[in-house]
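Participant: Residue numbers (my numbering): 119 to 495. Positions of the beta carbon are idealized from the N, C-alpha and C atoms, including for glycine. Mind looking over this structure? Questions follow.
Structure, rendered in structure tokens:
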């Protein structure tokens, strides 16, 4: 039996667009874990916690490592359950689960490499051979730039895109600009990003914005209320004629269950790097399917983040679309074994064993972690 011999947090920082308010250094952290086995195999995982608190992620992984060493990496549920028991008193949701997401993802990567199959084969096999990607961007404030960006997505083959509308006094105006640029047939998602707003919109404010958006036929209205405002989400969902999407900040199946029971999501957006890993993410998707709720997995990170969520998507019949961050991230290509196969706006199932990711020393040296690069709200 192979065993885990080393669990190592690895922090990187890489260029990530022009966001002086949130990323004053011009860099964005990527927080990885590398799990090494007794037979030399390694697996990679990523946590969304590390975007905001990379040193917290590092400390948590170092805390969990002794509980993982000596365990069988292919007995994923047993191994993760052992570690989750260690934090029930102090971290049964939130940062600890986000950090453990990276470990779970790394174990699935190892198991796929061990069995020489892509991870989606271990999750029940392909449910879809291709899934529509949407270009996720739309942060420019100027009309000309926002429209130019939208047209570039169309030129690249996308037929679905998302913009940010987190300032309610400009939400309808920005949506109108993009709808004008892309025409009536392209799917247009709008993201209010209220998970990082201070204070977030009330349900009354979100409803007012939603009604102003109706003429532009959004495919969904994302994060219209604060992350924990279940009643607000439910109120907005039941009053508007287009789907309400959310869930990227939730860290357990149980949290999703609360939103589902309140009929608060029209589209669920779990993220494997935050909700407990590939294991928990697949459980969320299955729960959503039983309730007739489609999923659109959130994915905003390196190749490890994208691959983890994409593999879950391919093994999930109710996944209707996948997110492709529009901003260039050198750690997508830099950590990929094979390029993501995208044609005419659709992602096709990968074929590499495991997640199809790698970490070379050259990448670690090229993108060393820089203190102060954490995302700032």
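With the cut-off set at 7 Å, would you say residue 341 and residue 311 are in Cβ contact?
Facilitator: For the purposes of this step, residue 341 is taken as residue 223 along the chain shown, with counting starting at 1. For the purposes of this step, residue 311 is taken as residue 193 along the chain shown, with counting starting at 1. In this structure, residue 311 lies closer than 7 Å to residue 341 by Cβ.
Participant: Determine whether the beta carbon atoms of residue 459 and residue 147 lie at a separation below 7 Å.
Facilitator: In the chain shown, counting from the first residue as 1, residue 459 sits at position 341. In the chain shown, counting from the first residue as 1, residue 147 sits at position 29. Cβ atoms of residue 459 and residue 147: not closer than 7 Å.
Participant: Thinking C-beta only, is residue 189 closer than 7 Å to residue 122?
Facilitator: Start at 1 with the first residue of the chain shown, and residue 122 comes out as number 4. Start at 1 with the first residue of the chain shown, and residue 189 comes out as number 71. Yes, these two residues count as a Cβ contact at 7 Å.
Participant: Do residue 248 and residue 464 count as a contact pair if the criterion is CB distance below 7 Å?
Facilitator: Your numbering for residue 464 matches position 346 in the chain shown. Your numbering for residue 248 matches position 130 in the chain shown. Yes, these two residues count as a Cβ contact at 7 Å.
Participant: If we ignore side chains and look at the alpha-carbon of each, how far apart do residue 244 and residue 401 end up?
Facilitator: Taking the chain shown and counting its residues from 1, the one referred to as residue 244 is at position 126. Taking the chain shown and counting its residues from 1, the one referred to as residue 401 is at position 283. Going from the Cα of residue 244 to the Cα of residue 401 covers about 16 Å.
Participant: Going along the chain, which residues of its own chain have a beta-carbon closer than 7 Å to the beta-carbon of residue 242, five neighbours each way excluded?
Facilitator: Taking the first residue of the chain shown as position 1, residue 242 is located at position 124. Once the five neighbours on either side are set aside, the close Cβ partners of residue 242 are 433.
Participant: What number of angstroms, rounded off, separates the C-alpha of residue 319 from the C-alpha of residue 154?
Facilitator: In the chain shown, counting from the first residue as 1, residue 319 sits at position 201. In the chain shown, counting from the first residue as 1, residue 154 sits at position 36. Approximately 45 Å, taken between the alpha carbons.
Participant: Do you know offhand how far residue 355's Cα is from residue 349's?
Facilitator: Start at 1 with the first residue of the chain shown, and residue 355 comes out as number 237. Start at 1 with the first residue of the chain shown, and residue 349 comes out as number 231. Spanning the two alpha carbons is a distance of roughly 10 Å.
Participant: From the DSSP secondary-structure annotation, give me the bridge partner or partners of residue 174.
Facilitator: Here residue 174 refers to the residue found at position 56 when the chain shown is read from its first residue. According to DSSP, residue 174 bridges with nothing at all.
Participant: Within its chain, find whatever has a CB closer than 8 Å to the CB of residue 317; leave out the 5 residues flanking it on each side and keep chain order.
Facilitator: The sequence position of residue 317 within the chain shown is 199, counting from 1. 344, listed in sequence order.
Participant: Consult DSSP for residue 132 and reduce its assignment to one of helix, strand or coil.
Facilitator: The sequence position of residue 132 within the chain shown is 14, counting from 1. It is a strand residue.
Participant: Hey, would you say residue 195 sits closer than 7 Å to residue 391, going by beta carbons?
Facilitator: Residue mapping note: residue 195 aligns to position 77 of the chain shown, counting from 1. Residue mapping note: residue 391 aligns to position 273 of the chain shown, counting from 1. No, Cβ-Cβ distance for residue 195 and residue 391 is not below 7 Å.
Participant: At the level of alpha carbons, what is the spacing between residue 137 and residue 454?
Facilitator: Along the chain shown, one-based indexing puts residue 137 at 19. Along the chain shown, one-based indexing puts residue 454 at 336. Cα-Cα distance, rounded: 25 Å.
Participant: Please look up how many angstroms separate the CB atoms of residue 159 and residue 228, rounded, as I've assumed it's under 8 Å.
Facilitator: Working through the chain shown from its first residue, we reach residue 159 at position 41. Working through the chain shown from its first residue, we reach residue 228 at position 110. The Cβ separation is near 6 Å, so the contact holds.
Participant: Helix, strand or coil for residue 486 per DSSP?
Facilitator: Taking the first residue of the chain shown as 1, we reach residue 486 at position 368. Judged by DSSP in its simplified three-state form, residue 486 adopts strand.
Participant: On the premise that residue 174 lies in contact with residue 221, defined as a C-beta separation below 8 Å, what is that separation, rounded to the nearest angstrom?
Facilitator: Residue numbering aside, residue 221 sits at position 103 when the chain shown is read from its first letter. Residue numbering aside, residue 174 sits at position 56 when the chain shown is read from its first letter. Not quite, the Cβ-Cβ distance comes to about 15 Å (not below 8 Å), so this is no contact.
Participant: Check whether the stretch 262-276 and the stretch 298-305 are in contact - that is, three or more C-beta pairs closer than 8 Å.
Facilitator: yes
Participant: Please look up how many angstroms separate the CB atoms of residue 339 and residue 331, rounded, as I've assumed it's under 8 Å.
Facilitator: The count along the chain shown starts at 1 and reaches residue 339 at position 221. The count along the chain shown starts at 1 and reaches residue 331 at position 213. So it is a contact: roughly 7 Å between Cβ atoms.
Participant: Counting Cβ pairs closer than 8 Å, one from the stretch 194-209 and one from the stretch 420-428, do we hit at least three?
Facilitator: No, they do not touch.
Participant: Could you spell out the range, first to last residue, of the beta strand (DSSP E) harbouring residue 441?
Facilitator: As a working mapping, residue 441 is identified with position 323 in the chain shown. Where residue 441 is concerned, the enclosing beta strand (DSSP E) stretches over 437-443.
Participant: For residue 417, name the three-state secondary structure that DSSP assigns.
Facilitator: Here residue 417 is taken as the residue at index 299 of the chain shown, counted from 1. If DSSP states are grouped into helix, strand and coil, residue 417 belongs with coil.
Participant: For residue 447, count neighbouring Cβ atoms within 10 angstroms of its own Cβ and tell me buried if that reaches 16, exposed if not.
Facilitator: Counting from one through the chain shown, the residue named residue 447 turns up at place 329. Result: buried.
Participant: Assuming residue 534 and residue 443 make a contact with CB atoms under 8 Å, what is their CB distance in whole Å?
Facilitator: The first residue shown for the chain is 119 and the last is 495, placing residue 534 beyond what the model contains.
Participant: Where DSSP assigns a beta bridge to residue 303, which residues make up the other side?
Facilitator: The residue you call residue 303 lines up with position 185 of the chain shown. Answer is none; residue 303 lacks a bridge partner.
Participant: Are the Cβ atoms of residue 421 and residue 450 separated by less than 7 Å?
Facilitator: On the chain shown, residue 421 is found 303 positions in, with the first residue counted as 1. On the chain shown, residue 450 is found 332 positions in, with the first residue counted as 1. Closer than 7 Å, so yes.
Participant: Provide the residue span of the alpha helix (DSSP H) that contains residue 217, from first to last.
Facilitator: Against the chain shown, residue 217 aligns to sequence position 99. Residue 217 -> alpha helix (DSSP H) spans 213-233.
Participant: Span of the alpha helix (DSSP H) holding residue 363?
Facilitator: Taking the chain shown and counting its residues from 1, one reaches residue 363 at position 245. Run containing residue 363: none in the alpha helix (DSSP H); it sits in the beta strand (DSSP E), 362-364.
Participant: Quick one: what's residue 309 bridged to in DSSP?
Facilitator: As a first step, residue 309 must be located in the chain shown, where it is residue number 191. As a beta-bridge residue in DSSP terms, residue 309 pairs with 282, 340.
Participant: For the candidate residues 214, 161, 167, 172, whose alpha-carbon lies nearest to that of residue 182?
Facilitator: Along the chain shown, read from residue 1 onward, the residue named residue 182 stands at position 64. Ranking 214, 161, 167, 172 by Cα distance to residue 182 puts 214 first.
Participant: Answer yes or no: do residue 471 and residue 438 have a C-beta to C-beta separation smaller than 7 Å?
Facilitator: Along the chain shown, read from residue 1 onward, the residue named residue 471 stands at position 353. Along the chain shown, read from residue 1 onward, the residue named residue 438 stands at position 320. Contact flag unset, no.
Participant: List the whole-angstrom C-beta distance separating residue 145 from residue 172, where the pair is believed to meet the contact cut-off of C-beta under 8 Å.
Facilitator: As a position in the chain shown, residue 145 is number 27, starting the count at 1. As a position in the chain shown, residue 172 is number 54, starting the count at 1. Contact flag wrong, Cβ pair sits at about 11 Å.
Participant: In chain order, what residues of the same chain lie with their CB nearer than 7 Å to the CB of residue 501, ignoring the 5 residues before and after it?
Facilitator: Residue 501 falls outside the range modelled here, since the chain spans only 119 to 495, and no answer is possible.
Participant: Tell me whether residue 395 sits in a helix, a strand or coil according to DSSP, three-state version.
Facilitator: Reading the chain shown from its first residue, position 277 is the one you call residue 395. Secondary structure at residue 395: helix, using DSSP grouped into helix, strand and coil.
Participant: For the beta strand (DSSP E) containing residue 152, list its first residue and its last residue.
Facilitator: Within the chain shown, residue 152 is the residue found at index 34, counting from 1. It spans 145-155 - the beta strand (DSSP E) in which residue 152 sits, taken as one unbroken run.
Participant: According to DSSP, is residue 385 part of a helix, a strand, or is it coil?
Facilitator: On the chain shown, position 267 is the one that residue 385 refers to. In this structure, residue 385 counts as strand in the three-state DSSP scheme.
Participant: Where DSSP assigns a beta bridge to residue 127, which residues make up the other side?
Facilitator: Here residue 127 corresponds to residue number 9 of the chain shown, with the count starting at 1. DSSP output for residue 127 lists 151 as bridge partner(s).
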